[in-house]
Structures are given as C-alpha cells and as structure tokens.
Amino acid sequence: MTFLHGTIAMAGLIGVLAPIIIHLLFRKRRRPVPWAAMKFLLAAYQRMKRRTRLEQWLLLLARCCIVLLLGAALARPLLQSTPIASSMLEGGRIVYLLLDNGVASGNRGSLTVGPDHTALQNHIANAQNIIASLGPGDRVSVIRMARPASFLIDPPAIDHRAVSSRLETISPSDAATDVPGALELLSARLEEDARTDRRPAVVMLLSEWLAGSAQTNRPLQTLSQLDLSDHVTFLATAPNTAVSQNTQITALRPTRRVFTRGLGESVPSVQVQLRRNGGDLPGMITTVSIKSEQSILSQPISVSWEQGQTDQSVDIPIDTVNLLDQRSDTTGPINLSANLDDDALSADNHRSLIVEVQDGIHVVVIARREAVATGPDAGRLDLYPAASWIRRALNPAADVRMQIDDIDPASVTDAELRGADAVFLTRPDLLSEAAWQSLARYVHGSTTANVNATHRAGLLWLFPADSEQRAALWTDDAVQALDLPWTWPREIEKTIEADGWRLADQQPKSVLLSMIQSELDTLAPTIQIHKRLAPEAGFEPGDIILEMEDGRPYLLTYRPRAQGGGLVVYQSAAARLDWTSLPAKPLMVALTQEVLRQGMSLARAVPETMAGDRPVFMFPATVNTLVGPDDTRVSLRPFDENESPTAGQQVPRIADAIQQAGMYRAYSYDEAPLSTSPILVHVDSSGCNTTPQTTTQIETWLQETGEQWAFISPEQLQAASTSLWKSNTNRSDYSFAALCALFLLLGLETLMARKFSHADSTTQQQGLQFHGIGDLSSRAGSEAPSSQRQ
C-alpha cells in the first residue's frame, strides 16, 4: 500500500498515541480507606474486575483505530494490483521524460503525423498520453534535450495536469539535440535516488532518432556505476524510418561585408553553401534567393542537383543600388538572408548575413608633413615620403568618394579618428601615450564618454618608423596599447645584397587577398626588401598574409579579442623605396585596395555564434541583456564575479544558452540599446540531418550507457495502454472505504462507551442518593453469581 499524502498518513499513525496517553494520564489510583462492610464491596469488585478491564481495552482500541482511520482516509491510501508492484512502489514511481526538442524535431516528415505537424508535437502528445495513464502517486520529471540539455520539470512533480500544460510551452530549438548532455543530467538524478530509497523509476526517451538528433559518433558515458536494473526501466521510441529529404544552407560567404557603391568596384556577390540529406537523394531543382528586410536583392537562382549529390555552392550577385535606395542614411548594418524552397525542415532554409553599404570610404593617414626635396635631390623617388605613396595607392583615379584626411601624430585624438573606415600609421615613433590609447579605442570599438555609445571598430594599417633610434621604443608602446602578441627585434634589419630579400614564390591563401590570389604568384616574387622590422614570434601561420623567402612575415594581421571586431595589419617594410621596391610596383595599388576593402569587412565582422552556445562577448559593464527575434531575451552574466571595471571599460560577459537563431542586440540595465554591431546566431546545421537511422544503430549506441533499452512503437505510445504502464499503475483509491469504516467505528465506540458505563435510568433519576449499608449489601448480594445464590 502507498499513500498519496504520506505526511498525513504519518501524522495519523502518530495520533494513535493520543488516546493511550490520555488513558494513562487520567488513570487515578485512590488510596483505600477502611470502613464498615468493606469486605462486601471488595468481593463485588473482584467479581467485576476482569470484565471492566476488558471493556476499557476495547474502548481504547476503538478510539486508537478511529484516529488511525481518520489519518488514513485523509492520506488517500492506494493499493497495487500485484503483490510485487505493491512491495516496490512505496510512494509511487518517478517517470523521467526526455523530449527531443532539437532543431530536427521541427521535421514534418514523420510517419505518425501529418505535413502540418512537427515531430516535437508528436513527442508532446505521446508524453501527455503517458502522463494521463499514470497513477496519482507517480511523479514526473521532464528534460529538454536541445543543447545544452536542461530540466523543464525538476524536482519530479505529482501534479500531472500542470506537467502536461508545461509540455505545451516547448517549441523546437535551433540548437542540435544533446543526447549525451541529457543522459548526464539523468545520471545524476538516478544515482541520487539509488543511494537513498531506490524508488522505482521509468526513463522514456522521445525522439525520432534522425542523424541530426542522434549523432552516434559522439560517445555516451555510463549512466551509473550502481546497478539500476532492479528498479529502473529504460524505454525509447522506435526510430522514424520515413524518408524526409531536406536541403539546408550551411554558410554564406560574401565577397565583401562592406559594400561601397562606385569607386570602380565589381558587383559584389554572396556565395551560398548548400547541403542535402534525408536518405536517397533524387535529382531535383532548388531555388535560392537573397533579400533584405524590405526587398528582394537578387533574382531567384535555380540550382540543379544530380542524383545522390549532397553538396554544392552558388554565387549570387547583389543589387547594391537597390539596397542603398531603401535606406535613408545610406550606411549601417543591414540584415540579408538567403532563402530556399520550403521542405520537411524549415529552420535551415534561411540564413542571415550582416553587411554594411556605404557611398564612399574615409581614410585617415597619420604622418608628419615633410618638405618636398629641392635642389639635387628633387625628383628622387627614394626620398618620396611613405604617406605620399599610400595616398596614390588609395586613390589612383582621384575619385571624390575616397576621402583621405592627413593628421599629424601630435594631433591624434578620439574625435579625429571617429568615423574613419581605416587608419594608416606611418610614423608610430612620434605618437604620445594618449595617442596610442586613442588608436586602441578606435581599433577595439571601445566606448568613450557615453557608456552606451560606441564607435565601430576599425582597420589600422601599421608601418615601421624610419628611425633606428626609436625602433625599440615604439614597438613596446604598440604592444602595450594594442595588446599585440608579437615580438619585434630591437633594431631594423638591413641587407647588403643588391637584390635584398624577396617575397616567396608561393604565398599563403588568405581572405584579405582572395580577390587577387591568382595574381600573387606572378607579382609577389618581383618585390625586393632592403630594410625590414619583421616580428620574430607571437603569430600563427594563418596570420601571415604575405611571406618573405626566409619565412619571415612581410604582411601580418591580428584581430583583437574585444567585442565589435577590429583589425591590425602590419607591414614589415615602410612604404618607401629605400626600404622596398613595392611602392613602385603594380602590386602596390592592388594590395592597398584589397587589404583596405577586405580589412574593413573583417574589422567590422559581426560576431557570430551557434544556437545552443554560451558565447563570451566583450561589452561595457552596464550591458546585461541580448534582445533578439520576437523580443527573445538572453541574460549576460559577468565572466568574473570579482571584476571591478572602470567607466566605459569593456569586460567579458558570458551569455545564457541561446536557443533561437537570428540577429541580437545588446542592451544595458536601463533598457538603452548599445550602438555597436549586432550579433548573429545561426541554426546549428549539424543537427539538421534528417537521414533516418535503424533501431539497431540506436540500440548499439544507447548500450554505451551500460543499460538495456527497450523500444516502443508509435502505435503503443499513442494507445498509452501497454502492459508496462498498466501493470504498475492499476491502483485504487481506498479513501472512501476508509471514511466509511471510520463512521462505523465511531458509532460502535459510542454504543460501547454507553454500554460499558453501566448507567441505568434509575441511577440517572436518583443521582448520588445514599442508600445506606443495607442497600449496598443487598446490591452486592444481588450481583452475586446465580450459583452462589442457590
């Protein structure tokens, strides 16, 4: 037997002691006082003593049973249908429901639901059927399996109706299914129960077991070192074998993230990476288009698939004129999205991309104004200032859309740098400490006076100073201010060979020079370097854009860790002919233009993350929330609880798990938006694979947990009447029977109490009237047994 309210049952059991205590407390022993005719009364008392004691015991027992039945009736006793189950289910079972709400649960190709219903809706309906079939004493816990797995109901709840209602609030996540994480949460609960009362439990995994949901290449940990087989049953739904063909967008790669109208640029485009899955793949045609929030920016492109083909990409040109016409300010981030035809899984038919469109480029060149050479040195190209070579390379056609401002190193401030797309620094040796800090804020996109206003992160192109005396000093200033990881030599290197150092014949492939990569192998080897200040350590191979023959970097990049992007490009030789032949070579213009445009794109690259991640961002200390699609809010928490940031300082913030894909913006405590680049959250494409898997595959995978799993067909789940649920849940509530027994016992106790009081009508009428010794003796004689009277 078990009770729905075990506490009340325990209170009733303890309450049985009340009549016993009352009996003992009110039992008085009177001191006998000898008097005449005492022996007659003692004789009568001895004859009635045994019967009186029996009557008292019967009354005490009845009153104890009354208290016990009252507690039992209020506690609602439940009786099991089988002796084995009755002995096991003291206090009811715990049923753990693990629901697959990962991105693949949005699949509309299930065998058991129609095209307008998702697999998750099927899981929820099955879970509600299971809950409806449970007994009143069973408790339910629910785990959502979207990464990272989390409890929806914990601790296990006994209110089945409330649990069923909570299930209806679950929607498909854009994160992949995290079966290992869900089983890890379950393991902790099962081990806790196993070490205490070993209450019987049932574990039910509800999933279609598609390739995206059950990534069988991920190992599963043993559920418990304890033996759970004697009290835990492990069940799982049978895999969905229906073929659900799915086409997804896995990546978007724009030729540039900053689109500039004019300036002789080619039409920008976006490369869309596509993938198919879902079993047998026939030949078909998929339509791809790109649009912004307000208009379609490309003609629909038809992509043909061969039978069995799984991957391909397509380049889609972007109509930047139309994009500019729909904006009033002509600048700023724009959310573009690539879209596919609808299929069984709609979550991965869209993917977003943040780009910027502007009418021109604003460049700041930090250099000292140098006098033009006269006399015999007039016209000497080797004396031509570095800043002059850079200006010619930046604007060879004298286009008005290229705005170039010259700033003296002594005049560098935040105000002078704000709004610049790129900064070229040719004289780092002349910067003050305050100027270096202004450059650091420009690169990092850090806040200034207003903690909720940030300028966009920018591109800094750094050249060595043509000053041997200051070489060791300015590099230290740069490392400290810009947080650079590089290590420079203490002196400028010079070569005594006439040809100097040369760029390598084979150059690394990089995003910065992707548009001219095919020309580099021809143009790069012609470049000579006579002097250099090349970093010796602190960089990765992927940071090298151009490399010299001896392996030292000629062009190097570094991306700061601060939120909002930023990019530092360092050229190991000054833009002067006495350092390198590059300024007079055709590569100079192409290199400058590509690094400028692609560098702007990388510097302003929007932070991107995957649904299900808990990313870390750099934000001002006042920022505490990310707000995304449909007003979805994600909390940001301090990465270091002991931080003490200064005003405007950026500090790391770790986000709660993001479950919905889309564009998010940062907000501060006072609900003010942070004017920095948005954050993009993408659908986890690894969880979108709709290829069906067999029961044998899933069973083999789940056996890594060390437990035996049984699979239930959809028909059994929909019926919710399998022997498993019925055998353990066929229990009756005996509270009404207990109440009936209580009232019968109350009536019996009343009759016994009246009968055992030995009061008659004569006694009640005469009260306590004294009859004298004769009357007492005659009564004693009359109560004598009949055998004695005879």
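Under our numbering, the sequence shown is numbered contiguously, ending at residue 1021. Heads up, the beta-carbon is just placed ideally off N, CA and C, and yes, glycines get one too. From a predicted model like this one, the values you see are computed outputs, not experimental measurements.
Residue closest to residue i, alpha-carbon to alpha-carbon, out of the options
i     : options                   : result
L451  : T478, R506 and L416       : L416
A816  : L833, A755 and L777       : The sequence given here places Lys at residue 816; Ala does not occur at that position. The candidate whose alpha carbon is nearest that of K816 is A755.
D1110 : R658, P386 and G918       : Nothing can be reported for residue 1110, as the shown portion of the chain is limited to 232 through 1021.
Q829  : A306, H354, P387 and R487 : R487
A473  : F490, R339 and R324       : R339
Y895  : D887, T863, N920 and I597 : T863
I758  : W719, L648, P720 and A806 : A806
L751  : P766, A735 and G937       : A735
S444  : S544, M376 and I245       : M376
D369  : S749, V596, L328 and P616 : L328
G650  : A628, R687, R672 and G323 : R687
G323  : G366, E286, R284 and D809 : G366
V588  : D714, D887, I565 and I638 : I565
I532  : Q540, K522, I547 and G539 : I547
T657  : L798, S418, S944 and L693 : L693
H675  : V847, N855, A712 and P250 : A712
V914  : G978, A892 and A821       : A892
H348  : A575, E938, P791 and F967 : A575
P1023 : A628, Y785 and A617       : Any answer about residue 1023 is impossible in this case: the structure gives the chain only from 232 up to 1021.
Same chain, Cβ closer than 6 Å to residue i, neighbours up to 5 away in sequence not counted
i     : result
L933  : W940
W440  : P470, Q924 and I929
I225  : Since the first residue of the chain shown is 232 and the last is 1021, residue 225 is not available in this structure.
T679  : In this predicted model, T679 has a pLDDT of only 45, less than 50, meaning its place in the structure is not dependable; the value taken from the coordinates is given anyway. For T679, where only same-chain residues beyond five positions count, the Cβ hits under 6 Å are D645.
T400  : none
E647  : I638
H462  : R429 and P431
V247  : C295, V298 and L299
P373  : Note that residue 373 corresponds to Val in the displayed sequence, not to Pro. Here the set comprises L328, L383 and I384.
W1030 : Here the chain comprises residues numbered 232 to 1021, so residue 1030 is not present and cannot be evaluated.
E286  : F987
Chain-order list of residues whose beta-carbon lies under 7 Å from that of residue i (same chain, five-residue window excluded)
i     : result
T644  : S669
T993  : Residue confidence is low: T993 scores 49 on pLDDT, short of 50, so the model does not pin down where it sits. Its coordinate-derived value is still stated next. So no residue of the chain qualifies.
D511  : V474
Q1000 : Caution is warranted here: a pLDDT of 44 is assigned to Q1000, below 50, making its placement in the model unreliable, and the coordinate value is therefore given only provisionally. For Q1000, where only same-chain residues beyond five positions count, there are no Cβ hits under 7 Å.
R506  : Q479, T481, T541 and D542
T238  : none
P909  : P564, I585, V837, M894, Y895 and R896
E938  : L454, L459 and F465
A249  : V298
Contacting residues, own chain, Cβ-Cβ under 8 Å from residue i (five flanking each side not counted)
i    : result
Q996 : At Q996 the pLDDT is 47, less than 50, meaning the model places this residue with poor confidence; the figure from the coordinates comes in the next sentence. Cβ neighbours of Q996 beyond the five flanking positions: none.
M633 : L494, G591, I592, V594, L625 and N626
S559 : Any answer about S559 is weak, because its pLDDT of 49 lies below 50 and its placement is not dependable; what the coordinates show is given next. Excluding residues within five positions, none has a Cβ falling inside 8 Å.
V882 : M849, F850, P851, A852, P869, F870, D871, E874 and P876
D781 : W732
G998 : Low per-residue confidence applies at G998: pLDDT is 44, beneath 50, and the placement is therefore not dependable, though the value from the model is reported in the following sentence. Around G998: no qualifying Cβ.
Anticipated Cβ contact below 8 Å, residue i with residue j, distance rounded
i    : j    : result
S583 : L911 : 6 Å
N920 : A442 : 4 Å
E423 : S455 : With a Cβ gap of about 10 Å, E423 and S455 do not count as contacting.
R783 : A768 : In fact, because the Cβ distance is near 11 Å, the residues do not count as touching under 8 Å.
L571 : T478 : 6 Å
I380 : L437 : The sequence given here has Ala at residue 380, not Ile. About 13 Å separates the two Cβ atoms, so there is no contact after all.
V503 : S544 : 6 Å
L662 : P695 : Actually they are not in contact, since the Cβ atoms of L662 and P695 sit about 13 Å apart, beyond 8 Å.
P791 : D861 : Not quite, the Cβ-Cβ distance comes to about 33 Å (not below 8 Å), so this is no contact.
S523 : L483 : In fact, because the Cβ distance is near 13 Å, the residues do not count as touching under 8 Å.
G476 : G514 : Note that residue 476 is Gln in the sequence shown here, rather than Gly. So it is not a contact: roughly 12 Å between Cβ atoms.
Meets three-Cβ-pair contact criterion under 8 Å: the segment 352 to 371 and the segment 387 to 395: yes
Inside the segment 353 to 383 only - beta strand (DSSP E) runs reaching at least 3 residues: 370 to 375
Contiguous alpha helix (DSSP H) assignments of at least 4 residues, all confined to the segment 626 to 709: 645 to 648 and 664 to 675
Cβ pair count under 8 Å reaching 3, the segment 735 to 750 against the segment 759 to 777: yes
The segment 841 to 849 contacting the segment 403 to 418, beta-carbon criterion three pairs below 8 Å: yes
Any 3 or more C-beta pairs closer than 8 Å across the segment 967 to 980 and the segment 291 to 302: yes
Segments assigned beta strand (DSSP E), at least 3 residues, entirely inside the segment 450 to 519: 463 to 468, 477 to 485, 489 to 491 and 500 to 508
Alpha helix (DSSP H) segments (min. 4 residues) lying fully within the segment 384 to 461: 391 to 398 and 410 to 425
Alpha helix (DSSP H) runs contained entirely in the segment 874 to 938, provided each spans 4 or more residues: 926 to 933
Entirely enclosed beta strand (DSSP E) segments - the segment 722 to 789, minimum 3 residues: 775 to 778 and 784 to 789
Runs of beta strand (DSSP E) wholly within the segment 828 to 864 (minimum 3 residues, chain order): 839 to 841, 847 to 851 and 854 to 858
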